[in-house]
Structures are given as C-alpha cells and as structure tokens.
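There are 2 protein chains.
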Amino acid sequence: MTAPLHEVNPAGAGRTLPDTQQGMRRRNLARVMHTVSAEGPLSRAAVASRIGLTRAAVSTLVDELIRSGLLEELGPERPGRVGRPGSALAVSAHGPAGIGAEVGVDHLAVCAVDLRGEVRARAVRHAANRGRAAEPVLAELRELVDQVVAEAGREGLWPAGLAVAVPGLVARDARTVVRAPNLDWRDADLGDLLATDVPLTVGNEANFGALAELWLGDDTPPDFLHVSAEIGIGAAVVVDGSLLHGTRGFAGELGHVPVQPEGPACPCGGRGCLEQYAGEEAVLRAAGLEPGEDRVGLLAERAAAGDEDVRRALREAGTALGIALTGAVNLLDPRTVVLGGALAALAPWLLPSLESELDRRTAGPACPVSVSRLGPEGPLLGAAHAVVRAVLDDPASVAERA
Amino acid sequence: MTAPLHEVNPAGAGRTLPDTQQGMRRRNLARVMHTVSAEGPLSRAAVASRIGLTRAAVSTLVDELIRSGLLEELGPERPGRVGRPGSALAVSAHGPAGIGAEVGVDHLAVCAVDLRGEVRARAVRHAANRGRAAEPVLAELRELVDQVVAEAGREGLWPAGLAVAVPGLVARDARTVVRAPNLDWRDADLGDLLATDVPLTVGNEANFGALAELWLGDDTPPDFLHVSAEIGIGAAVVVDGSLLHGTRGFAGELGHVPVQPEGPACPCGGRGCLEQYAGEEAVLRAAGLEPGEDRVGLLAERAAAGDEDVRRALREAGTALGIALTGAVNLLDPRTVVLGGALAALAPWLLPSLESELDRRTAGPACPVSVSRLGPEGPLLGAAHAVVRAVLDDPASVAERA
Numbered sequence: 001m002t003a004p005l006h007e008v009n010p011a012g013a014g015r016t017l018p019d020t021q022q023g024m025r026r027r028n029l030a031r032v033m034h035t036v037s038a039e040g041p042l043s044r045a046a047v048a049s050r051i052g053l054t055r056a057a058v059s060t061l062v063d064e065l066i067r068s069g070l071l072e073e074l075g076p077e078r079p080g081r082v083g084r085p086g087s088a089l090a091v092s093a094h095g096p097a098g099i100g101a102e103v104g105v106d107h108l109a110v111c112a113v114d115l116r117g118e119v120r121a122r123a124v125r126h127a128a129n130r131g132r133a134a135e136p137v138l139a140e141l142r143e144l145v146d147q148v149v150a151e152a153g154r155e156g157l158w159p160a161g162l163a164v165a166v167p168g169l170v171a172r173d174a175r176t177v178v179r180a181p182n183l184d185w186r187d188a189d190l191g192d193l194l195a196t197d198v199p200l201t202v203g204n205e206a207n208f209g210a211l212a213e214l215w216l217g218d219d220t221p222p223d224f225l226h227v228s229a230e231i232g233i234g235a236a237v238v239v240d241g242s243l244l245h246g247t248r249g250f251a252g253e254l255g256h257v258p259v260q261p262e263g264p265a266c267p268c269g270g271r272g273c274l275e276q277y278a279g280e281e282a283v284l285r286a287a288g289l290e291p292g293e294d295r296v297g298l299l300a301e302r303a304a305a306g307d308e309d310v311r312r313a314l315r316e317a318g319t320a321l322g323i324a325l326t327g328a329v330n331l332l333d334p335r336t337v338v339l340g341g342a343l344a345a346l347a348p349w350l351l352p353s354l355e356s357e358l359d360r361r362t363a364g365p366a367c368p369v370s371v372s373r374l375g376p377e378g379p380l381l382g383a384a385h386a387v388v389r390a391v392l393d394d395p396a397s398v399a400e401r402a
Numbered sequence: 001m002t003a004p005l006h007e008v009n010p011a012g013a014g015r016t017l018p019d020t021q022q023g024m025r026r027r028n029l030a031r032v033m034h035t036v037s038a039e040g041p042l043s044r045a046a047v048a049s050r051i052g053l054t055r056a057a058v059s060t061l062v063d064e065l066i067r068s069g070l071l072e073e074l075g076p077e078r079p080g081r082v083g084r085p086g087s088a089l090a091v092s093a094h095g096p097a098g099i100g101a102e103v104g105v106d107h108l109a110v111c112a113v114d115l116r117g118e119v120r121a122r123a124v125r126h127a128a129n130r131g132r133a134a135e136p137v138l139a140e141l142r143e144l145v146d147q148v149v150a151e152a153g154r155e156g157l158w159p160a161g162l163a164v165a166v167p168g169l170v171a172r173d174a175r176t177v178v179r180a181p182n183l184d185w186r187d188a189d190l191g192d193l194l195a196t197d198v199p200l201t202v203g204n205e206a207n208f209g210a211l212a213e214l215w216l217g218d219d220t221p222p223d224f225l226h227v228s229a230e231i232g233i234g235a236a237v238v239v240d241g242s243l244l245h246g247t248r249g250f251a252g253e254l255g256h257v258p259v260q261p262e263g264p265a266c267p268c269g270g271r272g273c274l275e276q277y278a279g280e281e282a283v284l285r286a287a288g289l290e291p292g293e294d295r296v297g298l299l300a301e302r303a304a305a306g307d308e309d310v311r312r313a314l315r316e317a318g319t320a321l322g323i324a325l326t327g328a329v330n331l332l333d334p335r336t337v338v339l340g341g342a343l344a345a346l347a348p349w350l351l352p353s354l355e356s357e358l359d360r361r362t363a364g365p366a367c368p369v370s371v372s373r374l375g376p377e378g379p380l381l382g383a384a385h386a387v388v389r390a391v392l393d394d395p396a397s398v399a400e401r402a
C-alpha cells in the first residue's frame, strides 16, 4: 500500500535506477529521518555515528531536512553529557502530515497524523453505506477530509498524502476499487471520484490494519498473518516488514479458503468457504440473531452474558478459522497470527477452539495467535501512518513540494 | 535460497549499510554483469547507455570484471555498425562456476554450470537413500562433487559455490536440514557433514525447482506458485522474483493444507491433508499398486495405457490439488500455478480435474495452471543457477576470491 504513494522510494531506486550521487543523497536523507524518528532527539554527532557517515556529511543532510520543515532543532542538549554540546534534533511536529480515511459499512472516518506519529485532528460520521454507490459516499468523505485538513492546517500541518482504507479489492494502481461486495462499488476510480490535489493511495482495510499492527502494535514481528473482519473476513500477509499484495493486489482472501469442500455455496462461486462458517452473517445466523446495526457489539454482549447459542456459534467459527489458518500457516510459515478488527472484540470466545484446531493440526510448535490492541482503529491509523512512513522513506520527494 | 550465499548482496547492502562509494561501486559492478549476461555480447558504449552511467565509469567497472575473469572481450565488433568499432564484451565461459547438487530418495546428482548458464560437467548415481542416515549419503555426494569440480577444472572453471537441494525442511541458516521425512535426517548440519571449502547453500528441492522455473522456464512470470512432488508434495511461492521463505524457512508446505478436515490422519499430526489424497503413496494405494522403484514412471505408463484404476486415482488427486490450490490462490494471488517435478509427467491425467475444481471455486478469471518443461531436472539446475545468480548479483565478492 505504501509503495505507490511516491514514484521513487529508496528500495525501488536502488534496484531499478542507475546508482548515482543523487540517488545516494536521497537514500541517506531517508536514513537520517528514520534514525531521528526511531531514536530522537539526537545530536548530529549521534546521528552520524548511528548511520556510519561522517559528521560533515550528516550536517549537510540535516540542514536540508530542517530547511524543508521535516526536522527541527530543540536547542542545546542538556548539560552533563561529555564533549561540546550539540543541538538536539527531532522530527518536526509541524510541516507534513499523513491524512488517513476509512470507508466502513456503517461509518466514515478521517484523521491527520504528524511525522511524530501523533493524531492531531479527527472526524467520524455514522453513515448507512451498505449497498450505497461510490459517488455520494465519496462526496461525504471528501467533506470530512477537507474538514480535517483545515483543522490540521490551523496547527501548521499540511497534507503530504491521503490514504483511504476500503472494505474491498483494490487494484495494484492503488486507486481503483475493483469490487466492494458490501458497498455497491465496482471498478470505482477513487482518484477521479475524490478529485483531491493531495497525492492519493487507496488500499484494502485489512492491509492497512496489518500495517498499523506492524508499526504500532506491541512487539509485532516483521512476518505475520493479520486476520480481521468487518462484514467479510479479510487477511493480510506481512513478509519481512512489507505487505504481500499479489499479482492483481488481491492477496489475503482468507475468507474464501475452502474449509469444507462440499459445504454451503458461497457468493464467490466456491463452496464451504471460511466466510460461510466464520463470517459475521453466518455467525449471527448460527446464533439465531437478526443482523442489526452494531452486530459485533451484540455478539460480544450476548457471549459475555453467557448466551449458549452465541457461544456455540463463536466456538464453531473459531474451529473453521483454525482449519483455514492451518493451511495458511503451512503455506506462509509466519511468526504469529494476529486477530484484528472486529475479531479482536470476539477473541475470548473464538480463541479456544481456533487455537486447539491449529495446535492439533500442526506438527511441531504451533504458530502463536495474538489479539490486536488496536482493534477496529487499525485500518484508519494504518492509512494515516502509511503516508507518514512514505515521507520518512523518501523525504526528498516531500521536500521538493514543501 | 540465494541470499545467504554471500553475506553482502546489492539489495541488502542498499537497505542496511550506509550508502558509501564502495557500496555504489559494488552495485554498479552487478548492474554491468547482469546487463552483459542478459543482452551480451555488448560494447562498453552499449552497456553504458543501457545502465545510464557514463562510458568512462563503465570502462573502469568493465576492466575490473575482466581482470577478475568474470567478463571477457570477444575482439572488435563485426563491421556494419555505426561509429567507432568497440570490442564486444561477453560473460566469461571460464572462471567461476556454480556447482549444484541434489539428494533424491533414489539418486544423487551433481552438475557444474558456467556464468553463461551452460552445464559443463555432470554426474548422476542411483542410490537407495530412503531411510538412510545423513553421513553415508553425504560422503557419497561429496565424492560426486569432487569428481564434477575436477572435471570442470579441466575446462578452466573453479567452484564459486555449492548449492545442495534436499527433500526436506531447511532452516534459514541455509545449512541445516531440520527434517527430511523420507531420509532418516533430523537436524543435520550439512556444513559440518560435507566439510567442503566451497561456500555452501542448502535448500529445499521444491524451492530450487521454483527458482529454475523462474530463471529458465518459458516466460515464467515473477509471481507464481510452483507445485512439485517426489515422495511428498512440495510447493514454493515466488513473489516479485524472490522466494518466500517463511520465518523458519518452512514456507510452501502445500502438502499439509487440510483438504477434508475430517479425512484420514496424516503423520504430520493433522487430518485430511493434501498429501493423503495426492501424495505418491496415496495415489499408488488408490490405484491398487505397490510402491516400487520408478513409481511416477509406473503411474504414467499405466495411465497412458488406459488403466482405469490409475486414471481414477490421478483424477481424484487432481481434485484434491484443486481444492488446496484454491486456498493458496486466494491467499497469495499468484499470476500462475506451475506443476513441476514428478507432477509434470502426470499432468495429462491430473490437470482436467485440478483445473475444473480451481475454476468452479474461484470468482472471476481462474488462475492459469501450466506444466514445467524442466520436470525432474528443476531442483538440480535451480541449485547450480542459484550460485551463478549470486555471482552476477555481487561480482565483487567473487572477484576478491579469484
């Protein structure tokens, strides 16, 4: 999701373009930004020693980053340190910000995150988006984006990019929603429909949720499988700290892995897919409940109150998840499986059967399963942070626009 | 598989080390080698224009590569071209070679491949390795390696590396065979056991088979799922032209994806795994045949002769493969599925049911399935070429040893 945001990023440039002084400068600017972001405040000397360049080379890079508003000087370091005091550098709390947006079935949300990772502005609106066409939904989203950008602007922030999380399949152009089964969207080009001047990236909500887990989760490893749910079941595969997109951008469709090859027909064309056992509607049906507004809240409430039908339905969903995850774990060998989105709230009742199925089917130590702390916040935060990471990965691209 | 061969490779250096003149030179040497390898013979000027560096910069790099025996000059270009005639450059047919080796259940094989990709020496020996311990097998393999290295040496080639393909799980250190169910190997450190001076890489045979398909196949795309079989069923996932290894190096275990969750128990600890339906032994059993020496040959011969029991057994194996592959395709979104190894010989009888299952279960256009032209040669060639590619990827590492 992050890569298409800027045409040039350090890893891509290193592989495909000739290796020039200009490319080297660009990659070293990124190294300085990442170092200060991860470990700052730091003096110029400390940055130099951490990235293995001379103090003089680092000073030139730092000056450029200060001029374009990406770094700021906090003034002389506090006394008590050895040597000549240097001025501590920090990532700027003003300047570029990442705008994240989320189109949910029941809501729209937008937030602005600064380069330090702080949420600085936010707007949420309930909206009945199920079966609704792209134009009116995106017109409403655009209003929220403008509102958040204006609010962030009052704090000295300007939008470096806008990333939109949607519950559907997104093409590799990171603009076109090919299909969003629970909205009435098909081949919707969000670049045209949102018509914003801010550089745009569109991505699947499960993918942004996984990136949020990678960047903001507690000790999340760089290789994991993230499983989430809103109406459907989505998954995202993170390998060596990057999303696996697939040829068309459709990787991670765990919801349509066959669990019982001769099970009930699925709208996808298959039979016995995971979604037929562990999708929200299947679970509500199995529990004898009607689909309403806050479906996950209802299931969690009833399960907590001891409703045996709901608990059984969730137990069976956990078993189906365990079977589908066994296949995924055998294919991908991830370090962990993380349950996010709506599944996080239902984890207490899903996990026992899910883990027992995964354990008994796996030779050797089973893959550990953990529950996301971010829950339903993941996709929105992941989207905003994807923009912030793209700035840290290629500060030069933003400096030129500052 | 390729990455661990040398500690420094261009992509890795770009990401983790400071960007220095030295690193830049190293990466540019690789660009020159890859360009001449892919498009040569080429003049210095042609190389310069293709990689976007000055003619002078390219000449310095070329001289270094000629001095260390990686490139050679073919003499003046033939007349009829515009401009001053330049001397054409080609990848050297002498100098470093990749040594590939394969440990099969019924055979051992070793070959030497030069930097141009030609097989220059080769040795194969039948061996009853099933249930045999690592020490005697590797002592025998070492003899074959020495024999092939000596033969290659007589043609002016020296071993830049040795890559060994094994039918088992290999740890990420690319030395240790953690488990090889059809040999009697467990936690065997091939670095110790082979005791060779040549830099060693050990990999799973399905992974090397997939790399062979990537590098030598007809128009193989950079994203595909490679499915192969000897005794077990192995798969390898190639993403953006690289193998997906998994956290422990165990990715690609398609054979233990659940196909029928309540099916027969599998030695892996699961139930109804793909191997219980499409593994060699399961197919022989279903066809009413005894496991003998050339099991795949027997199945192919009987099926070709119209044996209805064998054809039915292969049809059912194809169905099970189709179900497991539906899950894999949904998770990974590869461009194609390639059947390799023993499966290639059986494809005529597996494909119809496999493709029909995959088609009917997939929404939208199904993932195309093709059959490898390399067949059982894949793992051995993939291993040798992995060494050759590592030389092209970081010529400096070899030049230092030349």
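Order-wise, the sequence lines are chains A and B. Going by the UniProt record's numbering, 77 is the number at position 77 of the first sequence; the sequence numbering is gapless. Going by the UniProt record's numbering, 299 is the number at position 299 of the second sequence; the sequence numbering is gapless. A virtual CB, placed ideally from N, CA and C, is assigned to each residue, including glycine. Since the model is a prediction, treat every value here as computed from it, not as a measurement.
C-beta neighbour in chain A for residue i, strict 8 Å
i	result
B/Pro264	no
B/Gln260	yes
B/Ala254	The sequence shown places Leu at residue 254 of chain B, not Ala. Closer than 8 Å: yes.
B/Val369	no
B/Val257	yes
B/Met33	no
B/Gly340	no
B/Phe250	yes
Per-residue DSSP class, three states only, for residue i
i	result
B/Val124	strand
B/Gly52	coil
A/Val257	coil
B/Ile323	helix
B/Glu213	helix
A/Pro348	helix
A/Leu107	Reading the sequence as shown, one finds His at residue 107 of chain A and not Leu. Correct three-state label for A/His107: strand.
A/Ser242	strand
B/Gly318	helix
A/Pro291	coil
A/Val198	coil
B/Ala282	helix
B/Asp219	coil
The beta strand (DSSP E) enclosing residue i, as first and last residue numbers
i	result
B/Thr176	176-180
B/Ser68	Run containing B/Ser68: none; DSSP gives neither H nor E here.
B/Gly161	157-166
A/Arg142	Element bounds for A/Arg142: not the beta strand (DSSP E) but the alpha helix (DSSP H), 134-153.
A/Thr336	336-339
A/Ala229	224-229
A/Arg248	A/Arg248 -> no beta strand (DSSP E), and no H or E assigned at all.
B/Ser87	87-91
Residue-chain proximity (residue i, chain B), Cβ-Cβ < 8 Å
i	result
A/Gln276	no
A/Asp333	yes
A/Asn330	yes
Under 8 Å between C-beta atoms of residue i and residue j
i	j	result
A/Asp114	A/Arg122	no
A/Leu190	A/His385	no
B/Asp333	A/Ala251	yes
B/Ala350	B/Gly378	What sits at residue 350 of chain B in the sequence shown is Leu, not Ala. Against a cut-off of 8 Å, the Cβ pair of B/Gly378 and B/Leu350 comes out as no contact.
A/Arg132	A/His107	no
A/Leu274	A/Val238	no
B/Val103	B/Leu61	no
A/Leu70	A/Leu89	no
A/Leu321	A/Ala286	no
B/Glu230	B/Gly341	yes
B/Glu205	B/Pro267	no
Span of the alpha helix (DSSP H) around residue i
i	result
B/Thr35	21-39
A/Leu392	378-393
Evaluate contact between the region 155-174 of chain B and the region 92-101 of chain B, counting only Cβ atoms and requiring at least three cross-stretch pairs below 8 Å.
Put simply, the region 155-174 of chain B touches the region 92-101 of chain B. At least three CB pairs are less than 8 Å apart.
Three or more beta-carbon pairs under 8 Å between the region 392-399 of chain A and the region 216-225 of chain A, yes or no?
Touching, no.
For the pair the region 296-311 of chain A and the region 238-248 of chain A, tell me if three or more CB-CB distances fall below 8 Å.
Result no; under three Cβ-Cβ pairs closer than 8 Å.
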